[in-house]
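Here the protein sequences come in this chain order: W and R.
The first sequence begins at 9 in my numbering and counts up by one.
The second sequence begins at 1089 in my numbering and counts up by one.
Glycine included, each C-beta is placed from N, C-alpha and C at the ideal position.
Inspection log for the structure reproduced underneath, given as structure tokens.
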Amino acid sequence: MIVRIATEGQYRLAEEQLPRLRELDAEVVSAAESANAELFERRFAELLEFVRTGDLLEDAYLGPSDAILPPPDASLAEATSEFSADGLIPS
Amino acid sequence: MPGLEGRFNTLVKAKVSAVLDRAEDPGETLDYSYEKQLELLQQAKGGIVEVVTSKKRLQLQEGTLREQAAKLDGQARQALAAGNEDLSRQALTRKQAIEDELGSLDQQVADLEHQQQQLTDNENKLQAKVEAFRTQKEVIKAQYSAADAQVQISQAATGVGEQMADVGLAVQRAMDKTENMKARADAVGELEQAGTLDDPTELGGAGDDLDRQLAQVTSTGDVDAELDKMKAELAGGGAPQQLPTGDEEAGA
């Protein structure tokens, strides 16, 4: 799966990383739903950190991403306007 | 695909499909797509230049605020030496407001510099993708076997479109930030001008709106401490360099 962190870059995550990715995504969603900005920031940072363990794709890579995460400095309000309650990562 | 059906993603797809729907012939689509990409790449570069310009303007404004703070400090000293403590306090209060704002501006300029670096990285990525697209389109044209070509075109164009949107988003965020900072710096600059202390005799000292605003945004503790320090300097002539630690001078 290819995940883009907006304003940062595209990462390729291996099949076996996906379950953990979905777990982290679900945590971000529940933090967002609780409207707790501090918790959201922490969970979102964890999700980004995990995505960054994937392979950063070369600049000239031409394919689209399967998921696009909000920019790393996105606030809770900005991020919630960007994704649905299903989470950031499509199933 | 549920989940990431956000504004951002939808926007990318809408733009790309508009380009792809333009022509029936894949070869033509590819060429048109590439031209469009070059155009947008130029726009992105323009956006980055704009961010850099705004940042420079903001830094100039910071310089002006620093001068204003220095001027107010001088006026506070003069007023105190002339025995007008109220006026001195007013000047120091304004100076404090400007200094508070400067501290926050410094941090924001640093953030902006970081964003600017990311923008440049992003633009390089976009450039690389557009270049890759140019090569890829010739490959696709050469093989040109119906359905396959269409899928490849769509993939490549979406990939470039995504990067375009990403650079656009980064430019937008940086611009929002500079606009916001500029507005705040302007507002604080006006505080000093509105309460112009060039002619101290004209200031009655009866708290106007401006003073009330200032009182809200500044901590009077800092102003008191600074006033005490100035008094000590004036009294001693020899100017002690550190702030008095507490209220021991309050009765002075």
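Practice task
Tell me whether W:Asp63 sits in a helix, a strand or coil according to DSSP, three-state version.
Solution key: Within the first sequence, residue 63 of chain W is the residue found at index 55, counting from 1. If DSSP states are grouped into helix, strand and coil, W:Asp63 belongs with the strands.
Problem - Interface residues of the stretch 61-74 of chain W facing chain R [CB-CB below 9 angstroms] - result: Glu66, Asp67, Ala68, Tyr69, Leu70, Gly71, Pro72, Ser73, Asp74
Problem - Rounded separation between R:Gln1163 and R:Val1139 - CA only - result: Locating residue 1163 of chain R in the second sequence gives position 75, counting from the first residue. Locating residue 1139 of chain R in the second sequence gives position 51, counting from the first residue. Taking the straight line joining both Cα atoms gives about 36 angstroms.
Practice task
Inspect the beta-carbon positions of R:Lys1217 and R:Gln1251 and report whether they are closer than 8 angstroms.
Solution key: The residue you call residue 1217 of chain R lines up with position 129 of the second sequence. The residue you call residue 1251 of chain R lines up with position 163 of the second sequence. Contact flag set, yes.
Handout entry: Span separating the alpha-carbon of R:Asp1174 from that of R:Leu1129
Key = Against the second sequence, residue 1174 of chain R aligns to sequence position 86. Against the second sequence, residue 1129 of chain R aligns to sequence position 41. Using only the alpha carbons, I get a separation of about 58 angstroms.
Handout entry: Alpha carbon of R:Ser1142 to alpha carbon of R:Val1259, nearest angstrom
Key = Here residue 1142 of chain R corresponds to residue number 54 of the second sequence, with the count starting at 1. Here residue 1259 of chain R corresponds to residue number 171 of the second sequence, with the count starting at 1. Roughly 12 angstroms between the two C-alpha positions.
Practice task
Go ahead and pull the three-state DSSP assignment for W:Ala75.
Solution key: By 1-based counting over the first sequence, the position of residue 75 of chain W is 67. Correct three-state label for W:Ala75: strand.
Problem - Secondary structure of R:Tyr1122, DSSP reduced to three states - result: As a first step, residue 1122 of chain R is located in the second sequence; it is residue number 34 there, counting from the start. Three-state result, R:Tyr1122: helix.
Handout entry: Minimum C-alpha distance to W:Leu21 - residue among W:Asp67, W:Asn44, W:Glu57
Key = Residue 21 of chain W sits at position 13 when you count from the first residue of the first sequence. It is W:Glu57 whose Cα lies nearest to the Cα of W:Leu21.
Exercise for the section: Drop a sphere of 10 angstroms on the beta-carbon of R:Leu1148, count the other beta-carbons inside from all chains shown, and report buried for 16 or more, exposed for fewer. Expected result: Along the second sequence, one-based indexing puts residue 1148 of chain R at 60. When all chains shown are included, R:Leu1148 counts as exposed.
Practice task
Give the DSSP-derived three-state secondary structure of R:Gly1256 in the structure shown.
Solution key: Here residue 1256 of chain R refers to the residue found at position 168 of the second sequence. The answer is helix: DSSP assigns R:Gly1256 an H, G or I state.
Handout entry: R:Val1311 CB to nearest heavy atom of the ligand NAP below 7 angstroms
Key = The ligand NAP is not part of the structure shown, which contains no ligands of any sort.
Exercise for the section: Could you work out which residues of chain W lie near R:Asn1212, taking near to mean beta carbons separated by less than 8 angstroms? Expected result: As a working note, residue 1212 of chain R is residue 124 in the second sequence. Those are Asp67, listed as they occur along chain W.
Handout entry: Residues within the stretch 1164-1182 of chain R neighbouring chain W, beta-carbon criterion of under 7 angstroms
Key = none
Handout entry: Between the CA atoms of R:Leu1153 and W:Gly17 - distance to the nearest angstrom
Key = By 1-based counting over the first sequence, the position of residue 17 of chain W is 9. By 1-based counting over the second sequence, the position of residue 1153 of chain R is 65. Each residue's Cα considered, the two are about 38 angstroms apart.
Exercise for the section: Going by DSSP, name the residue or residues bridged to W:Ile13. Expected result: As a position in the first sequence, residue 13 of chain W is number 5, starting the count at 1. Answer is W:Gly17, W:Leu77, bridged to W:Ile13.
Exercise for the section: Report yes or no: do the stretch 67-76 of chain W and the stretch 1209-1223 of chain R share at least 3 C-beta pairs separated by less than 8 angstroms? Expected result: yes
Exercise for the section: Specify the secondary structure class of W:Leu70 as computed by DSSP and reduced to three states. Expected result: On the first sequence, residue 70 of chain W is found 62 positions in, with the first residue counted as 1. Coil, per DSSP.
Exercise for the section: Indicate whether R:Phe1221 and R:Ala1253 have their beta-carbon atoms separated by less than 8 angstroms. Expected result: Residue numbering aside, residue 1221 of chain R sits at position 133 when the second sequence is read from its first letter. Residue numbering aside, residue 1253 of chain R sits at position 165 when the second sequence is read from its first letter. For R:Phe1221 and R:Ala1253, no; Cβs fall outside 8 angstroms.
Handout entry: Within-8 angstroms CB hit, W:Arg12 to chain R
Key = As a working mapping, residue 12 of chain W is identified with position 4 in the first sequence. Yes, its Cβ sits closer than 8 angstroms to a Cβ of chain R.
Problem - Neighbour flag for W:Pro79 against chain R, beta carbons, 8 angstroms - result: Stepping through the first sequence from its first residue, residue 79 of chain W is reached at position 71. Yes, W:Pro79 lies at the interface with chain R (some Cβ there is under 8 angstroms from its Cβ).
Practice task
Quick one: grab the DSSP three-state call for W:Asn44.
Solution key: Taking the first sequence and counting its residues from 1, one reaches residue 44 of chain W at position 36. It is coil, neither helix nor strand.
Problem - Residue burial classification, R:Lys1144 (beta-carbon count within 10 angstroms, cutoff 16) - result: Here residue 1144 of chain R corresponds to residue number 56 of the second sequence, with the count starting at 1. Answer is exposed; the Cβ neighbour count stays below 16.
Handout entry: Range of the contiguous alpha helix (DSSP H) that encloses R:Leu1192
Key = One-based indexing of the second sequence puts residue 1192 of chain R at position 104. The sequence shown places Ser at residue 1192 of chain R, rather than the Leu named in the question. Start and end: 1173-1231.
Exercise for the section: For the alpha helix (DSSP H) containing W:Glu86, list its first residue and its last residue. Expected result: Numbered from 1 along the first sequence, position 78 holds the residue referred to as residue 86 of chain W. Per DSSP, W:Glu86 belongs to the alpha helix (DSSP H) from 84-88.
Exercise for the section: Classify R:Ala1170 as helix, strand or coil using the three-state DSSP reduction. Expected result: Locating residue 1170 of chain R in the second sequence gives position 82, counting from the first residue. Looking at R:Ala1170 - three-state DSSP - the assignment turns out to be coil, as it is neither helix nor strand.
Problem - the stretch 1255-1275 of chain R contacting the stretch 1186-1202 of chain R, beta-carbon criterion three pairs below 8 angstroms - result: yes
Handout entry: Contact with chain W by R:Gly1162, beta-carbon distance below 8 angstroms
Key = In the second sequence, residue 1162 of chain R corresponds to position 74, counting from 1. Taking Cβ atoms only, chain W never reaches closer than 8 angstroms to R:Gly1162, which makes this a no.
Problem - Cβ pair W:Leu55, W:Arg12 closer than 8 angstroms - result: Taking the first sequence and counting its residues from 1, one reaches residue 55 of chain W at position 47. Taking the first sequence and counting its residues from 1, one reaches residue 12 of chain W at position 4. Contact flag unset, no.
Exercise for the section: Report buried or exposed for R:Ala1132, applying the criterion of at least 16 other Cβ atoms within 10 angstroms of its Cβ. Expected result: As a first step, residue 1132 of chain R is located in the second sequence; it is residue number 44 there, counting from the start. R:Ala1132 is buried by the Cβ-count criterion.
Exercise for the section: Identify whether R:Ala1273 lies in helix, strand or coil by the three-state DSSP scheme. Expected result: Locating residue 1273 of chain R in the second sequence gives position 185, counting from the first residue. It is helical.
Practice task
Please name the residue, chosen from R:Ile1186, R:Glu1211, R:Gly1171, that lies closest to R:Asp1161 on a Cα-to-Cα basis.
Solution key: Taking the second sequence and counting its residues from 1, the one referred to as residue 1161 of chain R is at position 73. R:Asp1161 has its Cα closest to that of R:Ile1186, out of R:Ile1186, R:Glu1211, R:Gly1171.
Exercise for the section: Taking only the alpha-carbon atoms, compute the straight-line gap between R:Glu1226 and R:Gln1125 and give it to the nearest angstrom. Expected result: Here residue 1226 of chain R refers to the residue found at position 138 of the second sequence. Here residue 1125 of chain R refers to the residue found at position 37 of the second sequence. Those two C-alpha atoms are separated by around 15 angstroms.
Problem - Any C-beta of chain W under 8 angstroms from that of R:Arg1222 - result: Here residue 1222 of chain R is taken as the residue at index 134 of the second sequence, counted from 1. No, its Cβ sits nowhere closer than 8 angstroms to a Cβ of chain W.
Problem - Inter-residue spacing [alpha-carbon to alpha-carbon] between R:Asp1188 and R:Asp1119 - result: By 1-based counting over the second sequence, the position of residue 1188 of chain R is 100. By 1-based counting over the second sequence, the position of residue 1119 of chain R is 31. So the two alpha carbons sit approximately 54 angstroms from each other.
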